[in-house]
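**Student:** After the structure tokens below, expect a handful of questions from me.
If you want it as structure tokens, here you go:
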């Protein structure tokens with residue numbers, strides 16, 4: 018299967034651009050965002066969302082939840098006992114984190130400055146299909162910062178099957194690859210009711226994956242009992258050569274994460 022291109026907002030400087038607006042609206046829709054924004058305002062909103070900035074929405078407001086920048090990289094602070102190559106890599110990572118934060122902050126101010134001109138913006142809940150570490154309840158709870166006693170949607174249900182696909186491995190996480198009609202991947206479905214959780218999950222999955230629509234079947238005691246459409250899941254946007262043969266092992270993942 019050829020690698021899919023990563024989702025990138027289509028730039029426009031116009032107040033309204035039919036092609037750009039349709040494309041950017043579709044990128045927001047897959048994340049559950051419905052808005053009447055157009056043109057550059059829509060582009061700026063889409064660009065910010067695709068940065069996985071933690072956001073919350075009301076019908077007329079955008080709330081950005083991230084407000085603490087990472088520490089500025091100290092180029093003179095080497096790790097004790099580390100090699101020169103390891104210290105160089107540490108600096109590179111810190112600089113990349115800072116650049117990512119600065120980019121998000123700049124886009125945040127741009128969108129918040131335009132938010133009063135967005136007539137309507139809201140989040141519509143949807144179901145997600147997890148086939149890797151996010152089907153482990155403790156991992157999902159940590160990623161989404163779900164506090165004690167809070168139940169998002171209807172909880173995890175490990176009863177779903179996606180046909181026509183199989184998995185390969187990308188590090189410790191599985192990645193979907195197209196397969197035959199008789200192939201399938203089993204996983205969990207979960208109803209996402211908050212935009213901030215979409216953003217947190219997308220950030221956790223990294224830019225190696227992109228969100229897309231799928232249809233799944235729901236099974237009970239080994240028998241298909243229902244079908245669900247417009248479910249979202251993450252598919253790889255990687256070079257196929259980066260994927261290795263293998264299956265996801267939840268126990269191994271948890272042991273490796275300790």
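Residue numbers (the numbering used here): 18 to 275. No residue lacks a Cβ here, since even glycine has one placed at the ideal position from N, Cα and C.
Apart from the five residues on each side of it in sequence, which residues of its chain come closer than 7 Å, Cβ to Cβ, to residue 26?
**Tutor:** Hits under 7 Å: 41, 44, 60, 63, 64, 67.
**Student:** Whose C-beta lies closer than 7 Å to the C-beta of residue 101 among residues of the same chain, with five residues either side of it excluded?
**Tutor:** Nothing meets the Cβ criterion.
**Student:** Distance check for residue 184 and residue 241, CA to CA, integer angstroms please.
**Tutor:** Roughly 21 Å between the two C-alpha positions.
**Student:** Using a Cβ-Cβ cutoff of less than 7 Å, which residues in the same chain neighbour residue 24 once the five nearest sequence positions on both sides are dropped?
**Tutor:** So the qualifying residues of the chain are 44, 67, 227.
**Student:** Report the three-state DSSP secondary structure of residue 28 (helix, strand or coil).
**Tutor:** Coil at residue 28, not helix or strand.
**Student:** Does the Cβ of residue 195 have 16 or more other Cβ atoms within 10 Å, making it buried, or fewer, making it exposed?
**Tutor:** Label assigned to residue 195: exposed.
**Student:** Cutting at 7 Å between CB atoms, please list the residues of its own chain near residue 279, excluding the five before and the five after it.
**Tutor:** With the chain represented from 18 up to 275, any question about residue 279 goes unanswered, as that position is not in the structure.
**Student:** Take residue 156 and list the residues in its own chain whose beta-carbon comes closer than 7 Å to its own, dropping the five residues that flank it on each side.
**Tutor:** Once the five neighbours on either side are set aside, the close Cβ partners of residue 156 are 150.
**Student:** How many angstroms separate the CA atom of residue 186 from the CA atom of residue 231?
**Tutor:** The alpha-carbon atoms of residue 186 and residue 231 are separated by roughly 20 Å.
**Student:** Quick one: is residue 138 buried, meaning 16 or more other Cβ sit within 10 Å of its Cβ, or exposed?
**Tutor:** Residue 138 comes out buried.
**Student:** Is residue 180 helix, strand or coil when you go by DSSP?
**Tutor:** DSSP places residue 180 in strand when its eight states are reduced to three.
**Student:** Taking the continuous beta strand (DSSP E) assigned at residue 227, which residues delimit it?
**Tutor:** From DSSP, the beta strand (DSSP E) with residue 227 extends over 226-237.
**Student:** Could you give the residue range of the alpha helix (DSSP H) that holds residue 56?
**Tutor:** Counting along the chain, the alpha helix (DSSP H) containing residue 56 begins and ends at 56-66.
**Student:** Rounded to a whole number of angstroms, what is the C-alpha to C-alpha distance between residue 31 and residue 245?
**Tutor:** Distance between the alpha carbons of residue 31 and residue 245 is about 38 Å.
**Student:** How would you call residue 39, buried or exposed, if buried means at least 16 neighbouring beta carbons within 10 angstroms?
**Tutor:** Exposed is the call here.
**Student:** With hydrogens ignored, establish whether the beta-carbon of residue 200 is closer than 6 Å to any heavy atom of the ligand HEM.
**Tutor:** As for the ligand HEM, it is missing from this structure, which has no ligand bound.
**Student:** Assign residue 112 to buried or exposed, taking buried as 16 or more other Cβ atoms, counted over all protein chains shown, within 10 Å of its Cβ.
**Tutor:** Burial call: exposed.
**Student:** Helix or strand or just coil, what does DSSP make of residue 169?
**Tutor:** Any reading at residue 169 needs caution, since the residue's pLDDT is 48, under 50, leaving its predicted position unreliable; the model's value is listed next. Residue 169 falls in the coil class under three-state DSSP.
**Student:** Per DSSP, what kind of secondary structure is residue 193 in: helix, strand or coil?
**Tutor:** Reduced to three states, the DSSP call for residue 193 is strand.
**Student:** Go to residue 203, then tell me how far its beta strand (DSSP E) extends in each direction, as first and last residue.
**Tutor:** First-last of the beta strand (DSSP E) with residue 203: 201-209.
**Student:** Are the CB atoms of residue 253 and residue 192 nearer to each other than 7 Å?
**Tutor:** Contact: yes.
**Student:** Starting from the Cα of residue 223, find the closest Cα among 29, 34, 160, 273 and give me that residue.
**Tutor:** Nearest option by C-alpha distance: 160.
**Student:** I'd like to know whether the C-beta atoms of residue 142 and residue 217 end up nearer to each other than 7 Å.
**Tutor:** Against a cut-off of 7 Å, the Cβ pair of residue 217 and residue 142 comes out as no contact.
**Student:** Are the CB atoms of residue 201 and residue 178 nearer to each other than 7 Å?
**Tutor:** A contact, by the Cβ cut-off of 7 Å.
**Student:** If I follow the unbroken alpha helix (DSSP H) through residue 69, where does it start and stop?
**Tutor:** First-last for residue 69: undefined, no H or E at that position.
**Student:** Helix, strand or coil, according to DSSP, for residue 147 in the structure here?
**Tutor:** Of the three classes helix, strand and coil, the one that applies to residue 147 here is strand, per DSSP.
**Student:** Classify residue 246 as helix, strand or coil using the three-state DSSP reduction.
**Tutor:** Strand.
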